[in-house]
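Student: Take a look at the following structure, please.
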Amino acid sequence: MDSLYVVIPTLRSYKVALDLLLQSLPEQWKTKVILIYQKEKEESFTVFPDGHIEVYLDRNIYEYGSWIGVNLLLENKLIPYDSWFLFLHDTCKCGPKTYEKCKELLDSFTDSEFDIIWLTLKGESNIGLLRRKAITEGAKIYANEYTMTKMDAIKYEQYLNSRLSPKMLNVPQLFLDTDKIITGIKPIYGVHRRTVFYIETIDLEKYYVMIYSEEQHPQAP
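Each residue of the sequence shown is one higher than the last, beginning at 1 in UniProt numbering.
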């Protein structure tokens, strides 16, 4: 598991959500975290003494910023080319079996042809395990994207034939045969009620607000 980095796109205003996720990370991963901050003044990065890395992007393209941020680090040779990357959201929480389940997946697929392992049958929330080729291909299609609406981001996640869907990347991809599990709707960080989506393949919870228009999203944890 030394080859795995945990990638988390976030905003400064989402600190309460990010902190909950960081606290839940397996101890073995806490020095292998890449935080992708968006809506920053300029593009840059910092490597901290404890090993974690922060990337700052002058754009806001939701989880798709992860491709841009990680590719920047690969281009600057800050990360080994044979690394795996676990793409998460800041609105996630790891469970007690997350480390063990991820290790099992990497043991199974490191010698395979696949460059993306989507952790559910439809690749919900674009949460998955990716390798360098998938990163570089994604960085190409998002290179000129500097802003998008939340509804755009949802469309690219859910409609696999969308121009900016990561499921359209020209790399071998595998969708693990497990369905989306909804375990409830409740406040997680504050007053906003969020749907709790459980990803059994890595013992992870993802929290989201169900919306049908841009105005319905609270734009806050």
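By construction, the Cβ of each residue, glycine as well, lies at the ideal position given by its N, Cα and C atoms.
1) Taking three-plus beta-carbon pairs below 8 Å as touching, is the region 187-204 in contact with the region 91-110?
2) If we cut at 9 Å on Cβ distances, does His217 have a partner in chain D?
3) Could you give the uninterrupted runs of the alpha helix (DSSP H) lying entirely in the region 44-101, keeping only those of 4 residues or more?
4) For Gln173, name the three-state secondary structure that DSSP assigns.
5) Can you give me the C-alpha to C-alpha distance between Leu22 and Ile36, rounded to a whole angstrom?
6) Mind checking which residues open and close the alpha helix (DSSP H) that includes Tyr198?
7) Apart from the five residues on each side of it in sequence, which residues of its chain come closer than 8 Å, Cβ to Cβ, to Phe87?
8) For Ile116 and Gln173, which I take to be in contact (beta-carbon distance under 8 Å), what is that distance rounded to the nearest angstrom?
9) Does Gly184 come out as helix, strand or coil in the three-state DSSP assignment?
10) My guess is that Tyr5 and Ile61 are in contact by the Cβ rule of under 8 Å, so how many angstroms apart are they, rounded?
11) DSSP state of Leu11, grouped into three classes?
12) With distance defined between alpha-carbon atoms, name the residue in Glu43, Arg132, Cys94 and Tyr14 nearest to Gly190.
Tutor: In brief:
1) The region 187-204 makes contact with the region 91-110: 3 or more CB pairs, one atom from each, lie closer than 8 Å.
2) Of the protein chains in this structure there is only one, and it is not chain D.
3) 65-75
4) In the structure shown, Gln173 adopts extended strand secondary structure according to DSSP, grouped into three states.
5) 13 Å
6) Unbroken run through Tyr198 is the beta strand (DSSP E), Arg193 to Ile199; no alpha helix (DSSP H).
7) Val7, Glu63, Ser66, Asn126, Ile127, Gly128, Leu129 and Leu130
8) 4 Å
9) strand
10) With a Cβ gap of about 20 Å, Tyr5 and Ile61 do not count as contacting.
11) coil
12) Tyr14
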